[in-house]
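**Student:** Following the UniProt record's numbering, the numbering of the sequence shown begins with 1 at its first residue and continues without gaps.
Let me give you the structure first, and then I'll get to my questions.
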Amino acid sequence: MSGTLALAAALAAMDRGTLAAVVERRRPQAISGITDPIGLASELLRADSVERAIAPLERDDLAALLQPETAAEEVRDRLLGLGLLGWDEGSAAPLPEVAAALTASLDRVGLSPDSLRNDHVSEPPGTTDTASWYVAALTALGTAAEVLRALRTQPGRLNRTGTVAVATVKSLAEATRIDVDRTGDAVQALLDARLLVPAAQLTLLSWSPATADWLELGAPDRWVALGAAAVAAMPPQLRRLLEERDLEGSLAALRDRYPLLPASTEAAARRFGRIAEHLGLAVDGALGEAGRALLADDLDAARAIAERDMPAPVAGVYIQPDLSVVVPGPLAPSDEAALAALTVPEQTGIASTRRITEASIAAALERGFDAAGARSAFERLSLTGIPQPLDYMLASIAERIRGIVVREHSGDEGRTRLDISRPELRETLLVDRALHHLQLAQGEEPSALYSRLRADHVFAALGDARYTASFEGAADSPLVNPAPEPRTTELPDELAQLVDRVHSAVRSEPGAGGFARRLELAIRDRSTVRVTASAQGRTHVFTLLPTSLDAGRLRATDPGAGVERTLPISTITAVE
C-alpha cells in the first residue's frame, strides 16, 4: 500500500477528537481543497510538512518512524496521532514519504538512521544546595517591580519583529541602575507572565491590565506568578528532560536527545535556563524545591515553600543623613509603592538602597503626592526618624510648592489658572523667556495668571523651567494596554470545517475516503492495487494497474493476465 493510502487509512479510523488533534498539530496549508482522508493524507505527506512535524521529536520517536513494529505501543500511538505513521493490515506502518524526509533531515545534521538507536541513560537530579534560591528570587522581584515602574508612564519600544528593542532595555537599565543583562531577563520574565504586552499597533511595550494587581501582591504570590509563567513558556522537550535530570544536564542533553530540534526551540530552552537562574527557580544549574513544585504544576506547594523561605516584610527603612535609604528586606506592597514614588533606585536586591533627591520628590508631586503626604510617608517608613537634611528639603519644597498652584480653568481668560503666592514670583514668570510659549496673562485678581494651553502642559513646562508647582487634580495614571485577546485551545473555524469534511467523508463513503479517490491516487502514482469486484453473485479479485477513471468505469491493465480490463465502479467492493 502507498504511503498516502496507509496514512488515509489511519486517518479514517480516527474519531473526530483524535482527527482534530492531528489537524491542530500539523496545520495543513491547502485547507479548502481537502475533502476526505486521502486529500488530508496527501497534504500531511508534503516534505515541508513532514520536516516540521519530525523536528521536535526525540531519538526514540524518530527511530520508530522507520521501524514501528519495534517501538512501544505508546510511542506508536503518539506517532499515529501526529499523522506520521500509517495503518496497513491491522497494524502501524512506516510511510515512505516520512522515511525520505527523516533521512534527508538527519543527513543535514550529520547523522544516519542507524545512529538513532543510541541508548540514553536517565540521570537523577544532582545534590546542589539550592537553599539560597530566595535571594535570587527576591532580587528578581525587585528588578521586575523597578522595570514596571520605569515603564509606567513611558512605554518601551518594540522592533518591527515584535521583539523588545535593545535601546529600550538599555534605557531601562539606566533608569533603574540595574545591570543590562538582569534588566533584559526581567523584561523577558514579565513578557512570559503577560505583565508587559505590545501596544499601539505592536510598536510599544506597556502594562497589561494585570500589572497593577501584581504589584499589590506580596513577594510569594508575585514570585509564583512569574515562576509559573516561565515554566509554562518552557519548550516541552526541555520539560521532559527535567523529569529525569537537573537543569544543567537537561540543557546539555537537549541536542543529543532531540537531534532535529529547530534552532529557535533550542534558543528558547537556553533562555529558560537563564530565566530560571534569574528567578531563583534554579541555583547553579539545579532546580530548587520550589522550582520542582512549579514544574509539577503544584502552585500551592510552590507558594507554601516561598512563604516558608522568604523573609517576612520588614517594618521600615533606614534614612541616612546623606539622603540614602537602606531597605533591609522586602517591604509590604503599599510601603514599597510609596517609597518607590519618592526615591530613585541605587542598588536592587534582597536588601536594597535608594536615594532621596529633589528631582525624585518633584516627580512624586507631579504624580499626585503633596508635600504633607511625602513627609507623612517618610515619617511612617523611617525607623530612624527624618534626618535634618531631609527635613530641610521637604520644608523648602513645601514652601516653593505653595508659591505656584496650577489648576484647570473654564473661564474666558484661558484653560489654565496659576495662583501665585508672591508678587515678585508672578513678575518673574511673566518675563521668563522659557515660559513665553505659555502666553501667561494677568487677570483681574493680582495673584492669578492664565494660559490658553492645557493645565498638564503648563505644569510640565513649569517643571522643565525649574519651577516647583503643585497641580490640583494630578493623578498617577500608568499607560495600560487593553486586555489581550484570551488564549483559546479551540480550532479556528476553517480547520474545524476541514475536520468535519474529512470525518463526514469517512462515514458517507466506504473505505478510506471512497474507492474512486484510491483509484485516482493509483493512477497518479502508477501503482498497482488489489481490486475486489462482485457481480451476479460472484466475487473476483484482480491485481490491476489503473489507467483511467471515467463515466463510472475503471480502465486498467492486468499485469498478471497481460490484458486490459474495464470494471464498472458500482461492482467494486474493495480497493487495497
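The beta carbon of each residue, even a glycine, is placed where N, CA and C say it ideally should be.
If you're wondering where the values come from, they're calculated on a predicted model, not measured in any experiment.
#1: Could you tell me which whole beta strand (DSSP E) segments of length 3 or greater appear in the stretch 42-117?
#2: Please name the residue in S447, P492 and L435 whose C-alpha comes closest to that of L453.
#3: In angstroms, rounded to a whole number, what distance separates the CA positions of S477 and G291?
#4: Looking only at its chain, what residues have a beta carbon closer than 7 Å to the beta carbon of H409, apart from the 5 residues adjacent to it on each side?
#5: In the DSSP assignment, find the beta strand (DSSP E) that holds L418 and state where it starts and stops.
#6: Nearest CA to the CA of T571: which residue from V541, R375 and A53?
#7: Just mark A131 as buried or exposed, buried being the case when its beta carbon has 16 or more other beta carbons within 10 Å.
#8: According to DSSP, is A315 part of a helix, a strand, or is it coil?
#9: Please determine, among T176, D221, R518 and D246, the residue with the shortest C-alpha to C-alpha distance to T343.
#10: Under the rule that 16 or more other beta-carbon atoms within 10 Å means buried, what is R255, buried or exposed?
#11: Does the stretch 164-181 come close enough to the stretch 355-375 that 3 or more CB-CB pairs lie under 8 Å?
#12: Taking Cβ to Cβ, would you say Y318 is nearer than 8 Å to P56?
#13: Taking Cβ positions, are L498 and V50 nearer each other than 8 Å?
#14: Quick one: grab the DSSP three-state call for R222.
#15: Kindly examine the ligand NAD and report whether one of its heavy atoms sits closer than 7 Å to the Cβ of D256.
#16: Hey, A351 and V325: beta-carbon distance below 8 Å or not?
#17: Buried or exposed for G562, going by 16 or more other Cβ atoms inside 10 Å?
#18: Any idea what DSSP makes of D297, helix, strand or coil?
#19: Less than 8 Å between the C-beta atoms of A282 and L247, yes or no?
#20: At the level of alpha carbons, what is the spacing between L390 and E307?
#21: Applying the criterion that 16 or more other CB atoms from any shown protein chain within 10 Å of the CB defines a buried residue, is H503 buried or exposed?
#22: For residue 578, is the classification buried or exposed, using 16 other Cβ atoms within 10 angstroms of its Cβ as the cut-off for buried?
#23: T566 lies in the beta strand (DSSP E); which residues open and close that run?
#24: How many angstroms separate the CA atom of E244 from the CA atom of A268?
**Tutor:** In short:
#1: 86-88 and 91-93
#2: Taking the sequence shown and counting its residues from 1, the one referred to as residue 453 is at position 453. Considering only alpha carbons, the answer is L435.
#3: Within the sequence shown, residue 477 is the residue found at index 477, counting from 1. Within the sequence shown, residue 291 is the residue found at index 291, counting from 1. Unreliable placement is indicated for S477, whose pLDDT of 46 sits below 50; the coordinate value is still reported in the next sentence. Approximately 35 Å, taken between the alpha carbons.
#4: To locate residue 409, count along the sequence shown from 1; it is residue 409. Cβ within range, chain order: R415, T416, R417 and Y450.
#5: Against the sequence shown, residue 418 aligns to sequence position 418. Counting along the chain, the unbroken beta strand (DSSP E) around L418 starts and ends at T416 to I420.
#6: Locating residue 571 in the sequence shown gives position 571, where the first residue counts as 1. The candidate whose alpha carbon is nearest that of T571 is V541.
#7: Translated into positions along the sequence shown, residue 131 becomes position 131. A131 comes out exposed.
#8: Reading the sequence shown from its first residue, position 315 is the one you call residue 315. Reduced to three states, the DSSP call for A315 is coil.
#9: To locate residue 343, count along the sequence shown from 1; it is residue 343. Answer by Cα proximity: T176.
#10: Indexing the sequence shown from 1 puts residue 255 at position 255. Exposed, by the Cβ-count rule.
#11: no
#12: Numbered from 1 along the sequence shown, position 318 holds the residue referred to as residue 318. Numbered from 1 along the sequence shown, position 56 holds the residue referred to as residue 56. By the CB criterion at 8 Å, Y318 and P56 fall outside the cutoff.
#13: One-based indexing of the sequence shown puts residue 498 at position 498. One-based indexing of the sequence shown puts residue 50 at position 50. It is not a contact, given that the beta carbons lie outside the stated cut-off.
#14: Within the sequence shown, residue 222 is the residue found at index 222, counting from 1. Looking at R222 - three-state DSSP - the assignment turns out to be helix.
#15: The ligand NAD is absent from the structure shown, which contains no ligand whatsoever.
#16: Looking up residue 351 in the sequence shown gives position 351. Looking up residue 325 in the sequence shown gives position 325. It is not a contact, given that the beta carbons lie outside the stated cut-off.
#17: On the sequence shown, residue 562 is found 562 positions in, with the first residue counted as 1. Counting C-beta atoms within 10 angstroms of its own C-beta, G562 has fewer than 16 neighbours from the protein chains shown and is therefore classed as exposed.
#18: If you number the sequence shown from 1, residue 297 lands on position 297. Reduced to three states, the DSSP call for D297 is coil.
#19: In the sequence shown, residue 282 corresponds to position 282, counting from 1. In the sequence shown, residue 247 corresponds to position 247, counting from 1. Cβ distance < 8 Å, so A282 and L247 count as in contact.
#20: The count along the sequence shown starts at 1 and reaches residue 390 at position 390. The count along the sequence shown starts at 1 and reaches residue 307 at position 307. Cα to Cα, the separation comes out at about 35 Å.
#21: Along the sequence shown, read from residue 1 onward, the residue named residue 503 stands at position 503. Burial call: buried.
#22: Limits of the chain in this structure are 1 at one end and 576 at the other, which puts residue 578 out of reach.
#23: Translated into the one-based positions of the sequence shown, residue 566 becomes position 566. Residues V563 to P568.
#24: To locate residue 244, count along the sequence shown from 1; it is residue 244. To locate residue 268, count along the sequence shown from 1; it is residue 268. A direct Cα-Cα distance of roughly 20 Å separates E244 from A268.
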